[in-house]
Every structure is written in C-alpha cells, then in structure tokens.
Amino acid sequence: MESPASSFNSIRRYSTSVILASVFGQRATSYATPKVQALYHAQEQFTEILAPGATPPVDAFPVLRYIPAFLAGYKSRAARIRREQRTLYSSLLDETQARRDRLDIIPCFMNKLLENKEKSGLNSDQLIYTGGILMEAGSDTTSATLHSFILAMIKYPLVLQKAQKELDEICGTSRSPGASDIGKATYVQAIMTEDDTYDGYLLPKGTIVFANTWSIHQDAAEYENPEEFIPERFLENKYGSKNTQEDSADNDQRRVTYGFGAGRRMINMAKIAWAFSITADPNSPPLDVEVCTGYSDGFVLGPKPFSASFQVRSSQHREVIDREFESVKAFFRKYED
C-alpha cells in the first residue's frame with residue numbers, strides 16, 4: 043500500500059514469511075531480509091536445474107549416474123546447490139532450536155518435530171530437509187499464483203470489477219474478506235479455478251507421471267474458448283467444461299479441488315481485490331502477460347518481475363487496512379527475532 047512499485051517483491055516477501063512462520067516460527071519483515079534473499083537465490087537455482095532438459099534423464103537411464111563428475115558439469119552444480127540449501131535450512135532450524143533452548147517457544151511445525159525428535163526417529167539431515175522441502179513448496183508456488191492473479195486483473199479489468207462488486211456485497215467497507223466469506227464469494231472462486239488409469243493406459247505402481255497441465259487446460263474439446271480468461275465458465279458448471287451434466291459418468295473420478303493451499307491463496311486474492319484498484323504501471327514498459335514470453339522458465343512457472351499500480355479503493359478501505367494491521371502487530375512480533 044505504501045510502495046506499490048515494489049509490489050512484486052512485496053508478494054514474494056509475504057509468501058516466504060507465511061511459510062517461514064508456519065514451518066520455523068520466524069518472520070521476514072522485509073524482502074531485503076538475508077534469509078529471504080538466501081531462500082530465493084537457492085530456490086531459483088534449484089528450480090532451474092529441475093527443469094526438463096537441464097540435466098540428463100538419469101531416472102530413465104540409471105547408467106548415466108556413473109558418468110564421472112569432470113565430464114558432467116551438472117553434478118558439480120547440483121552439489122553446489124545442495125550445499126547452499128543445506129546451509130540455509132540448517133541455519134533456520136538452528137534458530138528454532140535456539141528459541142527452544144531459551145524457552146522462547148513459538149508454535150510451528152519444526153518446533154513440534156524437535157519436541158518429538160526421539161519419537162520421530164529422524165536424523166539430522168532428515169530434520170533439516172523436512173523443513174527445507176516445506177519452505178520450497180510454499181514460497182514460490184504461492185507468490186507465482188498471486189503474481190498471475192494480479193496480471194489477470196490488469197488484463198481483464200471487468201473481471202476485477204465483478205469480483206469487487208461481489209466482495210462489497212459480502213463485506214461492505216467495514217471489514218476485509220476472511221475465511222468465512224470464501225464460500226459466499228462464488229465469482230472469486232471462479233477466478234481462482236480459472237487458473238492410476240488414464241485414457242486406457244495402465245500406469246504400473248511406481249510410474250513417474252508428468253501431468254501436462256497447460257495442455258489439459260487448453261483442450262478445446264473440453265473447454266469453450268480455453269485460451270480466453272472466462273471465470274463465468276465455472277459459475278455455469280463446477281468443472282468449467284462444455285459438459286453441463288455434472289453427475290455424468292465422465293465425472294465420476296473428477297475432482298473440483300484446485301490443489302493444496304488453494305483456500306489460503308483465495309483469501310489473499312479476495313483481500314487484494316477488495317482493497318485495491320489494480321492497473322498497469324504507467325511509468326513502466328507494457329506488461330507481457332503471454333506465458334511463452336512473460337513467464338520465467340524452470341520447474342515453478344511464474345511471471346517475470348513486473349511493476350503494477352495499486353490504489354486503495356477509498357478512505358474507508360484504507361482505515362480498515364490500517365486497523366486490521368494494527369490488530370495483528372503483537373502477533374507478528376512473536377515471530378520476529
């Protein structure tokens with residue numbers, strides 16, 4: 043709200059801070075915080091080396107693992123990334139342990155694991171990487187989703203206006219949306235969604251499957267104008283498909299669930315839409331919203347850095363934002379060093 047030009051990194055800080063607090067009981071107050079910078083540096087290198095084609099297909103051809111390191115540059119790169127990750131994750135775990143030692147215990151996942159360390163049977167490396175894997179899973183994925191949401195709202199301003207109208211009817215200007223409002227915000231849900239055996243093939247146990255999500259969602263036989271951003275399709279049919287018979291045999295094994303973390307991200311989207319008018323930054327180059335050119339390569343696909351203009355919708359909205367922030371300051375302080 044105070045520095046809309048830095049919104050891209052603000053969202054990255056937020057997503058990292060949430061998972062950092064949940065897993066290690068720590069909070070990042072700024073994107074410049076060393077632990078946030080270290081996480082994204084390690085994460086960017088890790089997702090790059092995980093991208094298809096970045097390394098030989100060792101899983102498919104195990105013999106490739108015996109190529110000497112001096113002939114396989116990816117091996118030394120992977121080892122370097124591992125050392126960087128382990129240093130970061132072990133330092134975060136050490137901070138959580140240090141707070142336990144001084145009886146300044148903050149409820150979090152790793153605190154529970156440390157408390158039951160003997161019972162869990164996890165060794166040091168397993169403890170370190172349990173926390174690390176959770177950090178990896180919850181930082182980039184959330185920020186990439188929110189960044190994509192903001193780009194969509196800029197490209198489709200009428201969709202943003204419809205979402206704001208719905209949220210205004212639910213919350214008014216006296217409070218921002220919360221978890222109890224999500225079930226009523228059907229249009230916001232539609233915006234979020236718009237983002238064993240298969241087709242006769244037997245998939246034996248242990249088979250590694252890569253789901254081509256892009257191709258699935260671009261299936262013209264399944265979706266009307268799949269390349270268009272049309273949240274309304276999910277208001278007419280919970281699957282968003284052409285088939286309006288939701289109880290048909292084809293839907294017996296179908297799931298509506300977007301994925302892990304969808305509810306939390308939907309609350310984020312609802313709060314952003316309720317609070318701000320979002321437009322392109324007039325002082326920056328035109329936004330590139332095309333997946334082929336405007337998104338980064340790597341294992342986690344997300345928009346490249348961009349600038350956007352955020353304007354608080356009214357003085358009443360600003361008062362609510364300030365009041366709600368003040369009400370949680372004491373809670374936030376518990377997670378700060």
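Just so we're aligned, residue 43 is where the sequence shown starts under this note's numbering, counting upward by one. No residue lacks a Cβ here, since even glycine has one placed at the ideal position from N, Cα and C. Being a predicted model, the structure only gives us computed values, none of them experimental.
Does DSSP put I148 in a helix, in a strand, or in coil? It is coil, neither helix nor strand.
Output needed for P329: all residues of its chain with C-beta closer than 7 Å, excluding positions within five of it in sequence on either side, in chain order. The question names Pro, but residue 329 is Leu in the sequence shown. Within the same chain, and ignoring the five residues on either side of L329 in sequence, the residues whose Cβ sits closer than 7 Å to its Cβ are L193, I196, A322, F348.
| said: Can you look up Y198 in the DSSP assignment and give me helix, strand or coil? | reply: Assigned with DSSP and collapsed to three states, Y198 falls in coil, not helix or strand.
*Helix, strand or coil for I91 per DSSP?*
It is helical.
(Q) Can you check which of these residues, L92, A111, S52, C150, is closest to Y377 by C-alpha distance? (A) Nearest option by C-alpha distance: C150.
Which class does S2 belong to by DSSP, given the choice of helix, strand or coil? With the chain covering 43 to 379 only, the question about residue 2 has no answer from this structure.
**OP:** Verify whether the separation of the beta carbon atoms of P199 and K313 is less than 8 Å.
**Re:** No, Cβ-Cβ distance for P199 and K313 is not below 8 Å.
* Report back the beta-carbon spacing between V230 and L202 to the nearest angstrom; my notes put them in contact at under 8 Å. => Contact between V230 and L202 is ruled out by a C-beta separation of about 11 Å, above the 8 Å threshold.
In this structure, does DSSP put A227 in helix, strand or coil?
A227: coil per DSSP, three-state reduction.
* Note down the Cα distance separating A227 from I212, rounded to an integer number of angstroms. => Put simply, the backbone Cα of A227 is about 8 Å away from that of I212.
query = Helix, strand or coil for V100 per DSSP?
reply = Coil.
Inset, instruction - Return helix, strand or coil for Y300, following the three-state DSSP convention. - result: Residue confidence is low: Y300 scores 47 on pLDDT, short of 50, so the model does not pin down where it sits. No coordinate-derived value is stated.
Compare the beta carbon distance of E264 and R275 with 8 Å and say whether it is the shorter of the two. No. Outside cutoff.
Exercise. Short check: CB of A262 to CB of I233, under 8 Å?
Worked result: Between A262 and I233, the gap from beta carbon to beta carbon reaches 8 Å or more.
Q. Looking at M177 and L106, is the spacing between their C-beta atoms short of 8 Å?
A. In this structure, M177 does not lie closer than 8 Å to L106 by Cβ.
Meets three-Cβ-pair contact criterion under 8 Å: the stretch 154-172 and the stretch 135-144
With a cut-off of 8 Å, the stretch 135-144 and the stretch 154-172 count as touching, because enough Cβ pairs lie within range.
Is it right to say Y108 is buried, meaning 16 or more other beta carbons lie within 10 angstroms of its own, or is it exposed?
-> Looking at its Cβ environment, which holds fewer than 16 other Cβ atoms inside 10 Å, Y108 is exposed.
task = Evaluate the contact criterion for the stretch 150-161 versus the stretch 276-284: three or more CB pairs, one atom per stretch, below 8 Å.
result = The stretch 276-284 and the stretch 150-161 do not touch, with fewer than three beta-carbon pairs separated by less than 8 Å.
As assigned by DSSP and simplified to three states, the class of V354:
If DSSP states are grouped into helix, strand and coil, V354 belongs with the strands.
### Message
Taking DSSP's pairing of strands, which residues face P219 in a bridge?
### Response
For P219, no pairing in a beta bridge is given by DSSP.
Assuming E236 and F271 make a contact with CB atoms under 8 Å, what is their CB distance in whole Å?
The distance from the Cβ of E236 to that of F271 is about 6 Å, consistent with a contact at the 8 Å cut-off.
- Which of helix, strand or coil DSSP assigns to Y337: Here Y337 sits in strand by DSSP.
Notebook entry, point to check: Excluding the five sequence neighbours on either side, which residues of its own chain have a C-beta within less than 7 Å of the C-beta of S181, listed in chain order?
Noted result: Setting aside the 5 residues that flank it on each side, S181 is surrounded in the same chain by S57, T58, I61, L81, Q85, each with a C-beta closer than 7 Å to its C-beta; the list follows chain order.
Span of the alpha helix (DSSP H) around S59: Annotation for S59: the continuous alpha helix (DSSP H) segment containing it runs 49-66.
Quiz item: If you run the structure through DSSP and keep just helix, strand and coil, what is P345?
Solution: P345 falls in the strand class under three-state DSSP.
task = Following the continuous alpha helix (DSSP H) through I272, name the residue where it begins and the one where it ends.
result = Boundaries cannot be given for I272, as no alpha helix (DSSP H) includes it and DSSP labels it neither H nor E.
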